[in-house]
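Residue 836 is where the sequence shown starts when you use my numbering, and the numbers rise one by one after that.
Every residue gets a Cβ at the ideal spot worked out from N, C-alpha and C, and that includes glycine.
Here the structure is a predicted model, which is why all the values come from computation and not from measurement.
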Amino acid sequence: MNTFVCSDIHGEYEAWMQALKKSKLNLEAGDRLILIGDLIDRGKGSLKCLTYVFKLMEKYPSQVTYLMGNHEEIFLDFVNRPKPDNQFDYMEMMRSGERWIRNGGLATVQSMFDESFESYYDLYEMLNKKYVDLIQKMNDLPLYLIDDDNRCVYVHAGFKSGVPLSKQKREDMLWIRHEFYKQFKAISGDVLNDKLIIHGHTPVKYFSDWNGEGYYHGGHHLCIDGGAYDGGAILVLKVEDLSFVEVSCDKLI
């Protein structure tokens, strides 16, 4: 049994399917699959990605884990708002919807609906009418996963230095960048201590000492965001030996 991890698919369904195939993932044989956020937005296959992973989770509940990413959070921040009944709430909904669409949400909407929307209020109504079950499943996504067997922790973005896992903030686990990469130190005796932290969120090409292929290993952390959002690649990491497969989103075979 092996553990395979991928992150930041961003709707690149075809590249992701090819990467999983090349990785030789075998859930029937007991392998595990861990997705560490940002399945949606920017790519045209966002709904296909969500549908696929939730079907896998239903069939293999103890083997497939889908963690929250910052793009899932932006989406949920919009659709989870109470229906506005005053001008202030309406304007907050507009800002929330605009933020999601600006960050790649339009591609997700286009994967979910054939028709266009007239306003963010209309979009809010459309999503909460057609995708209520999907939204609830996304609301239930965990923020991190501890893997004692492989002595690692999976999280979308990272952790705050000097803070025990029990007191880590949601915002940091979904959004943190440079502070985590440059100076993270776990508290002695905490569950995070002496564990490799595997994450996404920042494309590997933005690490100045990245070697030009595959993941980025920064000592205390390992980043597997291949930059699919702008034509980069999908990475699938095999945790037991840190081998990987890489499929370009621009050069599908």
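Chain-order list of residues whose beta-carbon lies under 7 angstroms from that of residue i (same chain, five-residue window excluded)
i: Lys-1030; result: Arg-986, Cys-987 and Val-988
i: Leu-855; result: Val-1071
Test: residue i CB closer than 7 angstroms to a CB of chain D
i: Asp-1007; result: In the displayed structure, chain D is absent; only one protein chain is listed.
For residue j and residue i, believed in contact at Cβ under 8 angstroms, the rounded distance
i: Val-1082; j: Lys-857; result: 7 angstroms
i: Glu-927; j: Gly-880; result: In fact, because the Cβ distance is near 30 angstroms, the residues do not count as touching under 8 angstroms.
i: Met-903; j: Leu-976; result: 4 angstroms
i: Met-836; j: Gly-878; result: Going by Cβ atoms, the distance from Met-836 to Gly-878 rounds to 30 angstroms, so no, they are not a contact pair.
i: Val-1026; j: Leu-1000; result: 5 angstroms
Spatial neighbours of residue i in its chain, beta-carbon cut-off 6 angstroms, leaving aside the 5 residues before and after
i: Ile-869; result: Val-840, Thr-900 and Tyr-989
i: Trp-935; result: Ile-909, Phe-910 and Phe-913
i: Asn-1028; result: Ala-1021
i: Asp-1085; result: Gly-1066
i: Lys-1045; result: Checking the displayed sequence, the identity of residue 1045 turns out to be Trp instead of Lys. Result list for Trp-1045: Val-1039 and Tyr-1051, in chain order.
i: Met-947; result: Leu-882
i: Val-1080; result: Ala-854, Lys-857, Ser-858 and Val-1071
Rounded straight-line distance, which links the Cα of residue j to that of residue i
i: Ile-871; j: Ile-970; result: 18 angstroms
i: Asp-1007; j: Phe-1015; result: 9 angstroms
i: Ala-942; j: Gly-1024; result: 44 angstroms
i: Arg-867; j: Leu-1077; result: 15 angstroms
i: Phe-952; j: Gly-1049; result: 39 angstroms
i: Gly-1035; j: Ala-992; result: 6 angstroms
i: Leu-1070; j: Val-998; result: 29 angstroms
i: Gly-846; j: Tyr-1041; result: 21 angstroms
i: Ala-1068; j: Gln-945; result: 22 angstroms
i: Phe-994; j: Met-929; result: 31 angstroms
i: Tyr-925; j: Tyr-956; result: 8 angstroms
i: Trp-1010; j: Asp-843; result: 13 angstroms
i: Cys-884; j: Glu-863; result: 20 angstroms
i: Ile-981; j: Ser-897; result: 14 angstroms
i: Leu-958; j: Asn-921; result: 18 angstroms
i: Tyr-887; j: Lys-894; result: 11 angstroms
i: Ile-1088; j: Met-852; result: In this prediction, Ile-1088 scores a pLDDT of 46, lower than 50, which makes its location untrustworthy; no coordinate-derived value is stated.
i: Thr-1037; j: Met-961; result: 31 angstroms
Residue closest to residue i, alpha-carbon to alpha-carbon, out of the options
i: Asn-963; options: Asp-975, Gly-939, Lys-918 and Ser-996; result: Lys-918
i: Asp-984; options: Gly-939, Glu-1075, Gly-1062 and Gly-1035; result: Glu-1075
i: Phe-1019; options: Asp-1044, Leu-1057, Lys-1040 and His-845; result: Leu-1057
i: Gly-1061; options: Arg-916, Leu-885, Lys-1004 and Asp-873; result: Asp-873
i: Asn-938; options: Leu-1072, Glu-960 and His-906; result: His-906
i: Lys-1017; options: Met-961, Tyr-959 and Gly-1053; result: Gly-1053
i: Asn-915; options: Lys-972, Glu-950 and Phe-1079; result: Lys-972
i: Thr-838; options: Val-1080, Lys-1073 and Phe-1079; result: Lys-1073
Quiz item: Whole alpha helix (DSSP H) runs in the region 864-891 with 4 or more residues, listed along the chain?
Solution: Secondary structure remark: continuous alpha helix (DSSP H) runs of at least 4 residues inside the region 864-891: none found.
Practice problem: Please list the segments of the alpha helix (DSSP H) lying wholly inside the region 944-975, counting only runs of 4 or more residues, in order along the chain. | Solution: 955-965 and 967-974
Exercise. Entirely within the region 921-947 and at least 4 residues each: give me those alpha helix (DSSP H) ranges in chain order.
Key: 922-935 and 941-947
Self-check item: beta strand (DSSP E) runs contained entirely in the region 1042-1078, provided each spans 3 or more residues
Solution: 1056-1058 and 1068-1073
Self-check item: beta strand (DSSP E) runs contained entirely in the region 975-1002, provided each spans 3 or more residues
Solution: 979-982 and 987-990
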